[in-house]
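Q:
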Ligand code: MSP
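Residue numbers (the working numbering): 7 to 669.
See the structure below:
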């Protein structure tokens with residue numbers, strides 16, 4: 007069995023997981039599931055990057071310690087990976103002792119190679135990137151090219167790594183191993199960067215306290231990237247008392263070690279990390295695979311931009327497999343892709359509800375009607391098996407090439423061929439005209455076996471769905487192993503399982519109108535006009551710059567924060583329904599001389615006319631928003647009883663004049 011070791015980046019704990027983090031992790035999970043399915047000896051690692059200035063700052067802003075913040079965010083990651091059926095074999099945290107031992111060992115080897123020295127260090131530093139920039143890379147205002155925030159001039163004594171020594175060895179490695187950086191465009195980018203020459207790299211910080219103390223350099227902590235990159239081997243026990251896993255997954259000849267990353271961190275993985283390894287005399291990864299970004303409104307989805315999509319509402323409404331499928335199908339691995347609710351629903355209805363769901367239920371229903379069980383006569387000579395052989399080859403080649411969308415297209419083509427076969431053989435007619443014959447058994451065997459094999463090919467992407475399909479056709483609901491890809495695995499004359507609709511169709515228009523409950527995603531626009539979202543969702547997730555708040559109950563804010571919110575009383579002077587919405591009302595309110603228009607999600611409980619003259623409380627200093635095409639300049643406060651309850655307006659005694667400040 008050939009070793010296959012896949013890793014994701016370890017995620018910072020100053021943000022809660024969003025679609026970007028989930029994407030790389032699902033890719034890693036699907037790739038590892040595929041390798042397990044074809045019989046490789048697999049291992050899959052993910053984890054969290056918990057040291058550094060950013061985490062220190064985020065913790066301080068929340069009035070907590072870095073480790074308490076990390077613990078909370080890690081719980082969230084575990085919970086989410088459970089929901090998405092991520093089968094990671096390990097979860098590394100850089101605050102673990104096993105990690106620190108390994109980092110110390112790597113540094114000792116780099117030191118022994120004569121690649122470390124201490125020198126003064128000055129430069130423009132972006133604390134969000136945890137990286138120095140040269141003058142050339144900054145604009146006139148010295149703003150970070152990634153975050154757009156001002157860099158600080160920093161000056162301190164640091165430990166340096168002789169990166170300049172490794173330009174030639176790295177170039178030689180890229181030349182000799184074209185698969186080292188993928189896709190090809192990224193390889194070209196990395197090579198051109200290294201050809202431009204490499205400066206030595208500062209690998210310690212003296213002003214940061216939250217990190218691993220630099221061995222032999224009192225007062226310095228290990229630079230967060232040297233610390234973080236080492237996780238890929240420390241998690242295998244490198245530097246610990248038992249290096250069995252390390253030898254099996256990192257040193258075994260013929261084994262594959264694949265780092266799956268976003269293109270934002272390519273340089274760290276394709277230049278610095280291999281240079282550290284070369285210096286330490288350790289083997290290099292076989293491939294650094296950099297995928298593109300999920301964009302929203304044409305910008306990289308990220309916490310600092312404030313346009314992230316969190317997975318919760320989607321998973322709640324559609325289940326984890328629909329999102330797993332969408333992310334893997336929609337993005338061409340290596341390129342950027344836009345995330346939109348519309349695209350998600352189109353794929354959900356067309357690909358999942360229609361193509362996949364209908365094929366499975368149709369074939370299961372035909373077996374049920376004809377025999378009340380699976381067919382009892384196998385068949386090895388039919389159009390389905392003829393279509394399967396090339397489909398399997400194409401699927402396998404695409405999976406080995408990380409071309410996930412191509413692999414899925416192949417499965418969908420195969421589903422189309424199964425459907426075509428059923429339509430052309432007309433088993434319903436045959437049953438009516440000839441009854442249950444061997445011929446009918448063989449036709450439905452071919453169709454059902456085709457469906458089973460489609461489910462096996464889909465299992466790396468949609469494990470729960472695959473298991474439900476297996477159950478429908480009398481197989482155990484378990485993840486498949488290598489024999490499952492062979493024609494002939496369908497149990498004969500077995501009882502059929504329950505065939506509940508895999509992906510019930512969604513009425514898109516009703517969905518967008520909000521009739522269907524929670525919206526698909528959090529919008530990057532300002533919050534809706536009542537404390538509950540107008541579509542009736544729960545409290546909106548943390549806004550763009552909000553620190554992670556895994557539990558609203560224990561995230562206290564200072565009085566100064568509360569005072570930033572200008573709450574005033576207002577009298578409703580006019581109210582009407584927002585066209586095409588069941589929940590939204592357009593209100594005109596008097597704020598004591600100033601009139602405003604705002605939109606509130608209270609139509610289910612209040613008739614517009616009944617609101618006129620009432621005194622309510624309004625957040626007056628919210629940025630304006632647009633809801634269902636209507637401008638909303640402020641937000642009415644309302645209380646919601648329980649989950650999903652209808653909001654009740656907070657009313658003020660009629661003797662309080664409009665425009666009074668609420669504190
Ligand atoms: N902690 C570092 C990585 C250290 S690895 C030794 C880090 N963490 S991160 O939390 O910012 O996560 C970065 C990774 O998350 C990206 O490389 C990518 O895998 C994923 N994504 C985050 N935002 C993304 C998108 N908008 N689109 C796709 N993936 C992105 O960097």
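Heads up, the beta-carbon is just placed ideally off N, CA and C, and yes, glycines get one too. In this text, all values refer to a predicted model and were calculated from it rather than measured experimentally.
Rounded to the nearest angstrom, what separates residue 74 and residue 112 at their Cα positions?
A: C-alpha separation (whole angstroms): 28 angstroms.
Q: Using a Cβ-Cβ cutoff of less than 6 angstroms, which residues in the same chain neighbour residue 49 once the five nearest sequence positions on both sides are dropped?
A: 11, 95 and 255, listed in sequence order.
Q: Could you give the first and the last residue of the continuous beta strand (DSSP E) run that contains residue 16?
A: Here the beta strand (DSSP E) through residue 16 covers 9-18.
Q: Would you call residue 557 buried or exposed, if buried means 16 or more other Cβ atoms sit within 10 Å of its Cβ?
A: Note on residue 557: pLDDT 34, under 50, position unreliable in the model; no value is reported.
Q: With respect to the alpha helix (DSSP H) encompassing residue 367, which residues constitute its N-terminal and C-terminal limits?
A: Element bounds for residue 367: 365-376.
Q: Mark residue 41 as exposed unless 16 or more other C-beta atoms lie within 10 angstroms of its C-beta, in which case mark it buried.
A: The residue in question, residue 41, is buried, as its Cβ has 16 or more Cβ neighbours within 10 Å.
Q: What is the DSSP secondary structure of residue 516, reduced to helix, strand or coil?
A: It is helical.
Q: According to DSSP, which residues form a beta bridge with residue 159?
A: Residue 159 is bridged to 130.
Q: Classify residue 226 as buried or exposed, calling it buried when 16 or more other Cβ atoms lie within 10 Å of its own Cβ.
A: Flag for residue 226 reads buried.
Q: For residue 306, list the residues DSSP reports as bridge partners.
A: DSSP output for residue 306 lists 301 as bridge partner(s).
Q: What is the rounded straight-line gap between the Cα of residue 480 and the Cα of residue 29?
A: In a straight line, the C-alpha of residue 480 is about 32 angstroms away from that of residue 29.
Q: Using C-beta distances below 6 angstroms, list every residue in its chain close to residue 265, excluding the 5 sequence neighbours before and after it, in chain order.
A: Result list for residue 265: 13, 275, 291 and 294, in chain order.
Q: Can you give me the C-alpha to C-alpha distance between residue 657 and residue 131, rounded to a whole angstrom?
A: Straight-line Cα distance between these residues: approximately 50 angstroms.
Q: Answer with buried or exposed for residue 438, where buried requires no fewer than 16 other C-beta atoms within 10 angstroms of its C-beta.
A: Classification of residue 438: exposed, given that the 10 Å Cβ count is below 16.
Q: Below 8 angstroms between beta carbons: does that hold for residue 428 and residue 454?
A: No, the pair does not count as a contact, with Cβ atoms beyond the cut-off.
Q: Could you check the C-alpha separation between residue 80 and residue 270 for me, to the nearest Å?
A: When rounded, the distance between both Cα atoms is 22 angstroms.
Q: Judging by CA-CA distance, which residue of 323, 568 and 352 is the nearest neighbour of residue 515?
A: Checking every option, the nearest Cα to that of residue 515 belongs to 352.
Q: With burial defined as no fewer than 16 other Cβ atoms inside 10 Å of the residue's Cβ, what is the status of residue 644: buried or exposed?
A: Result: buried.
Q: Run through the stretch 256-342 for me and flag every whole alpha helix (DSSP H) of 4 or more residues, listed as ranges in chain order.
A: Here the runs fully enclosed are 279-286, 318-324 and 326-336.
Q: Return helix, strand or coil for residue 96, following the three-state DSSP convention.
A: Residue 96: strand per DSSP, three-state reduction.
Q: Less than 7 angstroms separating the Cβ of residue 612 from some heavy atom of the ligand MSP?
A: No, the Cβ of residue 612 stays beyond 7 angstroms of every heavy atom of the ligand MSP.
Q: Can you tell me which of 640, 598, 519 and 395 puts its alpha carbon nearest to the alpha carbon of residue 662?
A: Measuring from the Cα of residue 662, the nearest candidate turns out to be 598.
Q: Spell out a yes or no on whether the stretch 275-289 and the stretch 17-34 are touching, meaning 3 or more CB-CB pairs, one atom from each, closer than 8 angstroms.
A: In short, these stretches do not touch, since the Cβ pair count stays below three.
Q: Taking only heavy atoms of the ligand MSP into account, decide whether any of them is closer than 7 angstroms to the Cβ of residue 75.
A: Because no heavy atom of the ligand MSP lies under 7 angstroms away, the Cβ of residue 75 does not count as near it: no.
Q: Are the beta-carbon atoms of residue 343 and residue 43 separated by less than 8 angstroms?
A: Not a contact, by the Cβ cut-off of 8 angstroms.
Q: Comparing the CB of residue 468 with every heavy atom of the ligand MSP, is any distance shorter than 7 angstroms?
A: Checking the Cβ of residue 468 against the ligand MSP gives no.
Q: Please check the pair residue 485 and residue 497, which I expect to be a contact at CB under 8 angstroms, by giving their CB distance rounded to whole angstroms.
A: About 17 angstroms separates the two Cβ atoms, so there is no contact after all.
Q: Out of 409, 348, 612 and 624, point me to the one whose CA is closest to residue 188's CA.
A: Per the Cα distances, 409.
Q: Per DSSP, what kind of secondary structure is residue 164 in: helix, strand or coil?
A: Three-state DSSP puts residue 164 in a strand.
Q: Does the beta carbon of residue 30 fall short of 7 angstroms from some heavy atom of the ligand MSP?
A: Because some heavy atom of the ligand MSP lies under 7 angstroms away, the Cβ of residue 30 counts as near it: yes.
Q: In this structure, how does DSSP classify residue 193 when only helix, strand and coil are distinguished?
A: Residue 193: helix per DSSP, three-state reduction.
Q: Within a Cβ cutoff of 7 angstroms, which residues of the same chain sit near residue 608, ignoring the five residues on either side of it in sequence?
A: The answer, listed in chain order, is 536, 591, 644, 653 and 655.
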